[in-house]
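Engineer: Structure incoming, see below.
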Amino acid sequence: MGDACGIGPEIIAKWWQGRPAALVIGCPAVMRRAVLSVGRGAELRVVPVASVGDVAGLVAGDMAVLTPTGLPVDVIDAPLGQIDERAGRAAAASIREAVRLAQQGLVAGIVTAPLHKEALSLAGEPYPGHTELLQAEGAPPGQPPAPVRMMLANDQLKTVLVTIHVSLRQAIEQVTYDAVLETLRITHDSARLWGQPAPRIAVAGLNPHAGEGGLFGDEELRIIGPAIEAARAMGIDASGPYAPDTVFMRARHAPPEHPGEFDVVVAMYHDQGLIPVKYLGLDQGVNVTLGLPFVRTSPDHGTAFDLAGTGRADESSLAEAARMARLLVSGRQAAPAARD
Numbered sequence: 004m005g006d007a008c009g010i011g012p013e014i015i016a017k018w019w020q021g022r023p024a025a026l027v028i029g030c031p032a033v034m035r036r037a038v039l040s041v042g043r044g045a046e047l048r049v050v051p052v053a054s055v056g057d058v059a060g061l062v063a064g065d066m067a068v069l070t071p072t073g074l075p076v077d078v079i080d081a082p083l084g085q086i087d088e089r090a091g092r093a094a095a096a097s098i099r100e101a102v103r104l105a106q107q108g109l110v111a112g113i114v115t116a117p118l119h120k121e122a123l124s125l126a127g128e129p130y131p132g133h134t135e136l137l138q139a140e141g142a143p144p145g146q147p148p149a150p151v152r153m154m155l156a157n158d159q160l161k162t163v164l165v166t167i168h169v170s171l172r173q174a175i176e177q178v179t180y181d182a183v184l185e186t187l188r189i190t191h192d193s194a195r196l197w198g199q200p201a202p203r204i205a206v207a208g209l210n211p212h213a214g215e216g217g218l219f220g221d222e223e224l225r226i227i228g229p230a231i232e233a234a235r236a237m238g239i240d241a242s243g244p245y246a247p248d249t250v251f252m253r254a255r256h257a258p259p260e261h262p263g264e265f266d267v268v269v270a271m272y273h274d275q276g277l278i279p280v281k282y283l284g285l286d287q288g289v290n291v292t293l294g295l296p297f298v299r300t301s302p303d304h305g306t307a308f309d310l311a312g313t314g315r316a317d318e319s320s321l322a323e324a325a326r327m328a329r330l331l332v333s334g335r336q337a338a339p340a341a342r343d
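Position one of the sequence shown corresponds to residue 4 (the numbering used here), numbered consecutively onward.
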């Protein structure tokens, strides 16, 4: 359900209709409040369930809500539109429960509503966001977390990030040969899930004009270019590095006037990759975590505390995230195993 003080519960309530195969993990009282906030109290019934199996007995109009272990009993008292430690604990508990169910094969995929990073921190969580928490929780017992990457996508553009939630200074330091090559591999191996088993991957440079042959920085020559060559030797259709200020326009797929030259762009840091996708419309963007042993998507917006409790939040991005999750689940079930 995301952060109980934000719009996550409300956009779920708006999106929910005739979905007996879906399950909300969170607080039933919070979800009842959300249903009333969006004016659906007469048509949508919140039904607490004790297990995934209980969902099968519900009918259209029933919203199954499973309370996770560790949910604060007073999370309903956390004030809407404010950062609250209880909401952070509830969000983390819900994520851990979702991962547990996915690992047991009881759910096919996870769609996460927005959480607030400060609330997560107040709850004592050492993770800066969803991606890192899911990565840690998704690791098999006794094994280190598998490398993951964040992809933001809509119908016109897909971007995958080499670095995620770190400062810009740290991001530059983390753009290494291994990190770029690993991102290319994860992107290539994941693309089969959305129907592109051999994606054309464009790689953005780190510096203006992709370094201009070393005049504006040499990371493209020392790091990014060699990683691209190594990926190509592995059979990955990667090219670049391209000037960051034009590669996203080249990749934008809006036929028939503008067919994209590439299927996905690998960007070096958070804002470089996400601004172009978000500029095309927050209501259509979907965040996908690549590399996890299960499917995970989310809307590409935050908790929008200013809208919490008003019933005016737009559920379009959540709907797109659910649509993408179904697509990726189908791809995972049909796809052969990825390379080692």
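Virtual Cβ for every residue (Gly too), placed ideally from N, Cα, C.
Note that the coordinates shown come from a computational prediction; the quantities given were computed from them, not determined experimentally.
Taking 8 Å as the limit between beta carbons, can you name the residues of its chain near Val178, skipping five residues before and five after?
Structural biologist: Numbered from its first residue, the sequence shown carries residue 178 at position 175. If we look at Val178 and ignore the five residues flanking it on each side, its Cβ neighbours are Val165, Thr166, Leu209, Glu222, Ile226, Ile227, Met271 and Tyr272.
Engineer: Across which residues does DSSP place Val50 in a beta bridge pair?
Structural biologist: Residue numbering aside, residue 50 sits at position 47 when the sequence shown is read from its first letter. In the DSSP output, where bridge partners are listed per residue, Val50 has Ala67.
Engineer: For the putative contact between Arg1 and Thr190, defined by C-beta atoms under 8 Å, what is the C-beta separation to the nearest angstrom?
Structural biologist: In this structure the chain extends from 4 to 343, so residue 1 is not present and cannot be described.
Engineer: Using CA coordinates, which residue listed in Met237, Arg203 and Gln199 is at the minimum distance from Glu185?
Structural biologist: By one-based count along the sequence shown, residue 185 stands at place 182. Nearest C-alpha to Glu185: Met237.
Engineer: Might you give, ordered along the chain, the residues of its own chain that have their beta carbon closer than 7 Å to the beta carbon of Asp6, omitting 5 neighbours on each side?
Structural biologist: Locating residue 6 in the sequence shown gives position 3, where the first residue counts as 1. So the qualifying residues of the chain are Ala90, Ala94, Pro117, Leu118, His119, Ala122 and Thr306.
Engineer: How about Ala328 and Thr292: are their beta carbons less than 8 Å apart?
Structural biologist: Residue numbering aside, residue 328 sits at position 325 when the sequence shown is read from its first letter. Residue numbering aside, residue 292 sits at position 289 when the sequence shown is read from its first letter. For Ala328 and Thr292, no; Cβs fall outside 8 Å.
Engineer: Identify which residue in Leu224, Gly112 and Leu171 has its Cα closest to the Cα of Gly141.
Structural biologist: Counted from its first residue, the sequence shown places residue 141 at position 138. It is Gly112.
Engineer: By the DSSP assignment, the alpha helix (DSSP H) with Ile189 in it spans what residues?
Structural biologist: Counting from one through the sequence shown, the residue named residue 189 turns up at place 186. It spans Tyr180 to Ala194 - the alpha helix (DSSP H) in which Ile189 sits, taken as one unbroken run.
Engineer: Check Ala116 in the structure and name its three-state DSSP category.
Structural biologist: Position 113 of the sequence shown, counted from the first residue, corresponds to residue 116. Ala116: coil per DSSP, three-state reduction.
Engineer: Quick check on this structure: which residue in Gln275, Ile14 and Gly198 has the alpha carbon closest to the alpha carbon of Arg335?
Structural biologist: Looking up residue 335 in the sequence shown gives position 332. When each option's Cα is compared against that of Arg335, the closest is Gly198.
Engineer: Measure the Cβ-Cβ separation of Ile98 and Leu136 and say whether it is below 8 Å.
Structural biologist: Reading the sequence shown from its first residue, position 95 is the one you call residue 98. Reading the sequence shown from its first residue, position 133 is the one you call residue 136. Contact flag set, yes.
Engineer: Which residue comes first and which comes last in the alpha helix (DSSP H) that contains Thr134?
Structural biologist: Mapped onto the sequence shown, residue 134 falls at position 131. Start and end: His133 to Glu140.
Engineer: Assuming Ala16 and Leu61 are in contact, meaning their beta carbons sit under 8 Å apart, how far apart are those beta carbons, in whole angstroms?
Structural biologist: Start at 1 with the first residue of the sequence shown, and residue 16 comes out as number 13. Start at 1 with the first residue of the sequence shown, and residue 61 comes out as number 58. Going by Cβ atoms, the distance from Ala16 to Leu61 rounds to 16 Å, so no, they are not a contact pair.
Engineer: Tell me which same chain residues have a C-beta within less than 6 Å of the C-beta of Ala340, skipping the five on either side of it?
Structural biologist: Here the question's residue 340 lines up with position 337 in the sequence shown. Because the pLDDT at Ala340 is just 48, under 50, the model does not fix this residue reliably, and the point stays unresolved.
Engineer: Among the residues of its own chain, which have a CB less than 6 Å from the CB of Val58, if the five just before and after it don't count?
Structural biologist: On the sequence shown, residue 58 is found 55 positions in, with the first residue counted as 1. If we look at Val58 and ignore the five residues flanking it on each side, its Cβ neighbours are Leu26 and Ala67.
Engineer: My assumption, with CB atoms under 8 Å, is that Val206 sits in contact with Val269. Please give the rounded CB distance.
Structural biologist: Counting from 1 along the sequence shown, the entry for residue 206 is found at position 203. Counting from 1 along the sequence shown, the entry for residue 269 is found at position 266. About 5 Å; that satisfies the 8 Å criterion.
Engineer: Tell me which residues share the same chain as Gly21 and place their Cβ nearer than 8 Å to its Cβ, disregarding the 5 neighbours each side in the sequence.
Structural biologist: Stepping through the sequence shown from its first residue, residue 21 is reached at position 18. Closer than 8 Å at the Cβ level, and outside the excluded window around Gly21, lie Ala63 and Gly64.
Engineer: Hey, out of Ser54, Ile10 and Asp181, whose CA is closest to Ala233's CA?
Structural biologist: Translated into positions along the sequence shown, residue 233 becomes position 230. Nearest of Ser54, Ile10 and Asp181 to Ala233, Cα basis: Asp181.
Engineer: Please give the ranges of any alpha helix (DSSP H) in the segment 230-284, keeping only runs that are unbroken, at least 4 residues long and fully inside the region.
Structural biologist: As far as the segment 230-284 is concerned, its whole alpha helix (DSSP H) runs of at least 4 residues are 247-254 and 273-282.
Engineer: Per DSSP, what are the beta-bridge partners of Ser301 in this structure?
Structural biologist: By 1-based counting over the sequence shown, the position of residue 301 is 298. Paired residue(s): Asn290.
Engineer: Should Met154 go down as buried or exposed, given a rule of 16 or more other Cβ atoms within 10 Å for buried?
Structural biologist: For the purposes of this step, residue 154 is identified with residue 151 of the sequence shown, where counting begins at 1. Per the 10 Å Cβ criterion, buried.
Engineer: Quick one: measure Cβ to Cβ for Pro302 and Ala316, integer angstroms, because I've assumed they're closer than 8 Å.
Structural biologist: In the sequence shown, residue 302 corresponds to position 299, counting from 1. In the sequence shown, residue 316 corresponds to position 313, counting from 1. Not quite, the Cβ-Cβ distance comes to about 10 Å (not below 8 Å), so this is no contact.
Engineer: Going by C-alpha to C-alpha distance, which of Phe251, Gly294 and His261 sits closest to Pro279?
Structural biologist: Here the question's residue 279 lines up with position 276 in the sequence shown. Among Phe251, Gly294 and His261, the Cα nearest to that of Pro279 belongs to Phe251.
Engineer: Going by other Cβ atoms of all chains shown within 10 Å of its Cβ, with 16 needed for buried, is Met4 buried or exposed?
Structural biologist: In the sequence shown, residue 4 corresponds to position 1, counting from 1. Classification of Met4: buried, given that the 10 Å Cβ count is 16 or more.
Engineer: Let's see if you can read the secondary structure: which residues bound the alpha helix (DSSP H) around Arg152?
Structural biologist: Against the sequence shown, residue 152 aligns to sequence position 149. Here Arg152 belongs to no alpha helix (DSSP H); instead the beta strand (DSSP E) covers Arg152 to Ala156.
Engineer: Going by DSSP, what residue range makes up the alpha helix (DSSP H) through Leu39?
Structural biologist: Here residue 39 corresponds to residue number 36 of the sequence shown, with the count starting at 1. It spans Pro31 to Ser40 - the alpha helix (DSSP H) in which Leu39 sits, taken as one unbroken run.
Engineer: Ile28 by DSSP, collapsed to three states: which one?
Structural biologist: Numbered from 1 along the sequence shown, position 25 holds the residue referred to as residue 28. In this structure, Ile28 counts as strand in the three-state DSSP scheme.
Engineer: From which residue to which residue does the alpha helix (DSSP H) around Ala90 run?
Structural biologist: Against the sequence shown, residue 90 aligns to sequence position 87. Run containing Ala90: Glu88 to Gln106, per the alpha helix (DSSP H) assignment.
Engineer: Going by DSSP in three states, Ile167 sits in which element: helix, strand or coil?
Structural biologist: Position 164 of the sequence shown, counted from the first residue, corresponds to residue 167. The answer is coil: DSSP assigns Ile167 none of H, G, I, E or B.
Engineer: Measuring CA to CA, which of Arg253, Leu277, Arg203 and His261 is closest to Ala241?
Structural biologist: Taking the sequence shown and counting its residues from 1, the one referred to as residue 241 is at position 238. Closest option to Ala241, Cα to Cα, is Arg203.
Engineer: Would you decide whether Tyr282 is buried or exposed? Buried here means 16 or more other CB atoms lie within 10 Å of its CB.
Structural biologist: Here the question's residue 282 lines up with position 279 in the sequence shown. Per the 10 Å Cβ criterion, exposed.
Engineer: Drop a sphere of 10 angstroms on the beta-carbon of Ser54, count the other beta-carbons inside from all chains shown, and report buried for 16 or more, exposed for fewer.
Structural biologist: To locate residue 54, count along the sequence shown from 1; it is residue 51. Result: exposed.
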